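Participant: Here you go, one structure.
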Amino acid sequence: MTTMHRERIREGLWSNNPALVQLLGLCPLLAVTATLINGLTLGLATLLVLLGANTAVSLVRHQVRPEIRIAVFILIIASLVTAVELVMSAFFHELYRVLGIFVPLIVTNCAILGRAEAFASRNPPGLAALDGLMMGLGFCAVLVTLGGLREVLGHGTLFRGADLLFGPWAVALEIRLMPFDEGLLLALLPPGAFIGLGLLLALKNWCDQRRRPQPVAAAKPLAGETG
Amino acid sequence: MSFRPAPHLRPRNDVPNLMRRVLLALVPGTAIMVWLFGGGVLLNILLCSATALATEAAMQRLRGRPVAPALNDHSALLAGVLLALCLPPLLPWWMPVLGTAFALALGKHVYGGLGFNPFNPAMLGYAFLLISFPAQMVLWPAPELATPGLLQAIAFSGGALEIDMISGATPLDRLKTGLGQGETIIGLQAERALFSLHPDLRWPLINGLFLLGGLYLLQRDYIRWQIPLGVLLGLATPALLFWLIDPQRFADPLFHLFAGGAMLGAFFIATDPVSAATTTRGRLYYGLGIGILVWVIRTWGGYPDGVAFAVLLMNLAAPLLDRLCRPRIQGHS
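Protein sequences appear in the order of chains A and B.
Quick note on numbering: the first sequence equals residues 1 to 227 in my numbering.
Quick note on numbering: the second sequence equals residues 228 to 560 in my numbering.
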């Protein structure tokens with residue numbers, strides 16, 4: 001693994017995370033993360049599209065003229081989203097109906113077009129695919145965290161509705177963490193998503209600040225100036 | 228005779244003094260609420276104040292700032308008390324605590340503490356509770372219910388006591404549901420008299436005493452007249468207009484002025500010096516905006532009262548109002 005690969009992994013998962021640093025794709029991020037499973041599903045769908053789009057864009061990057069590149073990128077992304085949408089509709093129909101409009105809306109997720117334009121169209125397929133995978137994983141991780149957080153506060157459970165994704169056996173996955181069903185309603189409503197994301201952002205920045213060496217608070221006065 | 232170094236003319240209206248005066252002006256309204264609704268009001272005030280002070284101290288600590296001056300300026304205490312006065316008197320103990328902690332931590336200190344918060348912390352806490360627990364937040368005791376004492380309230384909020392909750396609709400609730408079911412104002416009125424939309428005189432009395440406290444603040448120049456006047460005008464004018472057009476469907480302005488949190492909002496909540504507009508004309512428009520929004524929310528909104536949401540919305544508009552109402556500087560066009 002070269003430094004370049006390591007850089008891709010670090011950027012996607014943490015230092016240039018699509019949701020926490022680039023703040024892209026917030027619409028689905030905020031809209032569907034009422035439960036962990038919803039977040040996970042949309043995260044996986046986005047991950048697949050991002051991986052495919054980055055690879056495809058990187059493969060055709062020498063053939064596409066710069067004037068029409070955005071149209072081509074969108075075409076590729078839209079085809080992939082349609083494919084993912086059809087697969088979801090075929091195999092996870094209940095979940096597909098829960099997520100509703102937000103699956104087709106992955107097309108407009110700026111994180112995907114952003115990666116295609118900023119990275120995949122300038123780099124070889126292997127690296128671009130890795131970038132797509134890592135960015136997708138980073139995005140998915142935030143969706144899952146936020147979904148879990150909101151589900152615990154709002155319903156007091158985790159993995160509610162896991163059977164929709166994994167099949168009937170997964171009903172047993174549901175964990176009850178809090179002794180209530182009607183929890184903090186605010187957490188399940190859109191404002192709760194904004195507040196939760198804000199707190200996650202603060203947490204990330206706090207972690208970064210703690211790791212970074214502290215800058216010297218004030219320049220020390222020169223020796224000659226001190227009385 | 229006291230001997231002090233200069234300055235000899237000390238400002239009369241520093242923050243702690245102002246906050247103390249506002250707290251003092253809240254006393255008559257609070258006392259009548261305790262008398263009418265029982266010990267629960269007192270318990271709410273105790274819980275909210277304690278949480279407010281604890282949260283303030285914890286947040287100052289976390290932010291690496293001195294704790295004592297922040298606690299001594301009474302601003303956290305005032306926010307806690309204001310939130311407590313908005314809450315229905317019988318709640319499980321953790322609701323006021325949660326709301327106050329949210330108000331102080333996420334409504335005030337996240338933005339940089341006293342003087343930097345764009346929203347009124349008390350109203351943020353109230354909106355947080357109202358949205359999170361809509362069922363419990365409308366439980367005002369009915370007049371038939373014997374007012375529970377402090378001990379009863381404590382037992383209830385700790386979960387040790389079940390009271391057969393005879394929750395009465397507040398006059399605003401009653402109006403909203405009544406009109407929603409197609410009744411007319413005349414049908415809702417007991418008899419034709421002043422305050423006839425109020426089934427009893429509890430809410431006019433509470434509002435009247437908060438008005439009294441507000442007038443004291445005005446008279447002592449602790450608050451400016453523009454904001455309260457704006458709120459009351461903004462509330463009464465559309466109410467009067469629509470009442471004149473169709474008295475069957477719209478409540479009279481006097482009802483609106485003395486129902487719900489109108490007076491508390493106009494004199495104590497909208498006048499929060501941090502989150503309100505600060506220019507003279509801006510204050511008037513800010514108050515008018517709150518009044519109109521309160522009336523709109525009460526008349527067409529989903530909630531029976533709208534003081535909290537109106538204040539929060541106008542908090543958002545306050546910087547813009549100040550920008551538009553900047554006084555002209557002498558010599559500049």
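C-beta: ideal position from N, C-alpha, C; glycine also.
Computed from a prediction, not measured in an experiment: that's the story for all the values here.
#1: Mind checking whether valine 538(B) and isoleucine 556(B) have CB atoms under 7 Å apart?
#2: I'd like the span of the alpha helix (DSSP H) that includes histidine 483(B), first residue to last.
#3: When the distance is taken between beta carbons, is proline 398(B) closer than 7 Å to leucine 424(B)?
#4: Give the straight-line distance between the Cα atoms of proline 293(B) and alanine 45(A), rounded to the nearest whole angstrom.
#5: Scan the region 7 to 30 of chain A for residues whose Cβ lies nearer than 8 Å to a Cβ of chain B and list them as they occur along the chain.
#6: Please state whether DSSP places proline 293(B) in a helix, a strand or coil.
#7: Anyone know if the C-beta pair for leucine 235(A) and proline 125(A) falls short of 7 Å?
#8: Valine 176(A) bridges to which residues according to DSSP?
#9: Could you check whether the Cβ of leucine 186(A) sits closer than 7 Å to any Cβ belonging to chain B?
#10: Could you pull out every residue in the same chain whose Cβ sits closer than 6 Å to the Cβ of phenylalanine 119(A), ignoring the five residues on either side in sequence?
#11: Buried or exposed: which applies to alanine 223(A), given that a residue is buried once 16 or more other Cβ atoms fall within 10 Å of its Cβ?
#12: Please list the terminal residues of the continuous alpha helix (DSSP H) segment that includes phenylalanine 477(B).
#13: Along the chain, where does the alpha helix (DSSP H) that runs through tryptophan 177(B) open and close?
#14: In chain A, which residues lie less than 8 Å from isoleucine 358(B) when you measure between Cβ atoms?
#15: Which one or two residues does DSSP pair with tryptophan 321(B) in a beta bridge?
#16: Of the residues Pro66(A), Thr33(A), Leu203(A) and Ile195(A), which one's Cα is nearest the Cα of phenylalanine 102(A)?
#17: Please name the residue or residues paired with proline 345(B) in a DSSP beta bridge.
#18: Who are the near neighbours of proline 18(A) in its chain, counting only those whose CB is closer than 7 Å to its CB and skipping five residues on each side?
#19: Buried or exposed: where does arginine 6(A) fall if 16 or more other Cβ atoms within 10 Å of its Cβ makes it buried?
#20: Look at the alpha carbon of glutamate 151(A) and the alpha carbon of valine 171(A), and state the distance between them as a whole number of angstroms.
#21: Can you look up proline 232(B) in the DSSP assignment and give me helix, strand or coil?
#22: Does DSSP classify tryptophan 367(B) as helix, strand or coil?
#23: For my contact list, leucine 185(A) and leucine 95(A) are in at a C-beta cut-off of 8 Å; report their separation, rounded to the angstrom.
#24: Once DSSP output is grouped into helix, strand and coil, what is the label at aspartate 427(B)?
#25: Where does the unbroken alpha helix (DSSP H) through tryptophan 206(A) begin, and where does it stop?
#26: Relative to the alpha-carbon of alanine 332(B), which residue among Pro255(B), Trp320(B) and Asn347(B) has its alpha-carbon at the smallest distance?
#27: Chain A partners of phenylalanine 355(B), CB-CB under 8 Å?
#28: Which residues in the same chain have their Cβ closer than 7 Å to the Cβ of glycine 307(B), if we skip the five residues on either side of it in sequence?
#29: Going straight from the alpha carbon of leucine 188(A) to that of glycine 154(A), what length do you get?
#30: Compute the Euclidean distance between the alpha carbons of methionine 286(B) and phenylalanine 91(A), then round it to the nearest angstrom.
#31: Would you kindly report the start and end of the unbroken alpha helix (DSSP H) that includes arginine 510(B)?
#32: First and last residue of the alpha helix (DSSP H) that includes proline 455(B)?
Facilitator: Quick look at the numbers:
#1: Indexing the second sequence from 1 puts residue 538(B) at position 311. Indexing the second sequence from 1 puts residue 556(B) at position 329. No, the pair does not count as a contact, with Cβ atoms beyond the cut-off.
#2: Taking the second sequence and counting its residues from 1, the one referred to as residue 483(B) is at position 256. Unbroken alpha helix (DSSP H) run through histidine 483(B): 480 to 484.
#3: Start at 1 with the first residue of the second sequence, and residue 424(B) comes out as number 197. Start at 1 with the first residue of the second sequence, and residue 398(B) comes out as number 171. Yes, they are a contact pair.
#4: Here residue 293(B) is taken as the residue at index 66 of the second sequence, counted from 1. Here residue 45(A) is taken as the residue at index 45 of the first sequence, counted from 1. Taking the straight line joining both Cα atoms gives about 49 Å.
#5: none
#6: Working through the second sequence from its first residue, we reach residue 293(B) at position 66. Here proline 293(B) sits in coil by DSSP.
#7: Nothing can be reported for residue 235(A): it is not among the residues displayed for chain A, which extend from 1 to 227.
#8: One-based indexing of the first sequence puts residue 176(A) at position 176. According to the sequence as given, residue 176(A) is arginine; it is not valine. DSSP lists Thr157(A) as partners of arginine 176(A).
#9: Your numbering for residue 186(A) matches position 186 in the first sequence. With 7 Å as the cut-off, leucine 186(A) counts as an interface residue toward chain B.
#10: Looking up residue 119(A) in the first sequence gives position 119. Same-chain partners within the cutoff: Asp131.
#11: As a working note, residue 223(A) is residue 223 in the first sequence. Bear in mind that the predicted position of alanine 223(A) carries a pLDDT of just 47, short of 50, making it too unreliable to give a figure here.
#12: For the purposes of this step, residue 477(B) is identified with residue 250 of the second sequence, where counting begins at 1. Note, phenylalanine 477(B): premise wrong, no alpha helix (DSSP H); not H, not E.
#13: For chain B, the structure presents residues 228 to 560; residue 177(B) sits outside this window and is missing.
#14: For the purposes of this step, residue 358(B) is identified with residue 131 of the second sequence, where counting begins at 1. Within 8 Å Cβ-Cβ: Leu185, Leu186, Leu189 and Pro191.
#15: For the purposes of this step, residue 321(B) is taken as residue 94 along the second sequence, with counting starting at 1. Answer is none; tryptophan 321(B) lacks a bridge partner.
#16: To locate residue 102(A), count along the first sequence from 1; it is residue 102. It is Thr33(A).
#17: Position 118 of the second sequence, counted from the start, is the residue given in the question as residue 345(B). None, per the DSSP bridge assignment.
#18: By 1-based counting over the first sequence, the position of residue 18(A) is 18. Here proline 18(A) has Leu24, Gly25, Ala111, Met135, Gly138 and Phe139 as same chain residues with Cβ atoms under 7 Å from its own Cβ, once five neighbours each way along the sequence are excluded.
#19: Locating residue 6(A) in the first sequence gives position 6, where the first residue counts as 1. Exposed, by the Cβ-count rule.
#20: Position 151 of the first sequence holds residue 151(A). Position 171 of the first sequence holds residue 171(A). Approximately 16 Å between the Cα atoms of the pair.
#21: By one-based count along the second sequence, residue 232(B) stands at place 5. Note: proline 232(B) maps to coil in three-state DSSP.
#22: Along the second sequence, one-based indexing puts residue 367(B) at 140. Reduced to three states, the DSSP call for tryptophan 367(B) is strand.
#23: Here residue 185(A) refers to the residue found at position 185 of the first sequence. Here residue 95(A) refers to the residue found at position 95 of the first sequence. With a Cβ gap of about 23 Å, leucine 185(A) and leucine 95(A) do not count as contacting.
#24: By 1-based counting over the second sequence, the position of residue 427(B) is 200. In this structure, aspartate 427(B) counts as coil in the three-state DSSP scheme.
#25: As a working mapping, residue 206(A) is identified with position 206 in the first sequence. Run containing tryptophan 206(A): 190 to 211, per the alpha helix (DSSP H) assignment.
#26: Within the second sequence, residue 332(B) is the residue found at index 105, counting from 1. Residue nearest to alanine 332(B) within the set Pro255(B), Trp320(B) and Asn347(B) is Asn347(B) (criterion: CA-CA distance).
#27: As a first step, residue 355(B) must be located in the second sequence, where it is residue number 128. Result: Leu186.
#28: Your numbering for residue 307(B) matches position 80 in the second sequence. Contacts found: Cys275, Ser276, Thr278, Ala279 and Thr327.
#29: To locate residue 188(A), count along the first sequence from 1; it is residue 188. To locate residue 154(A), count along the first sequence from 1; it is residue 154. Taking the straight line joining both Cα atoms gives about 6 Å.
#30: Here residue 286(B) is taken as the residue at index 59 of the second sequence, counted from 1. Here residue 91(A) is taken as the residue at index 91 of the first sequence, counted from 1. One alpha carbon belongs to methionine 286(B), the other to phenylalanine 91(A), and they sit about 49 Å apart.
#31: Along the second sequence, read from residue 1 onward, the residue named residue 510(B) stands at position 283. Per DSSP, arginine 510(B) belongs to the alpha helix (DSSP H) from 507 to 527.
#32: Along the second sequence, one-based indexing puts residue 455(B) at 228. For proline 455(B), the enclosing alpha helix (DSSP H) covers residues 453 to 472.
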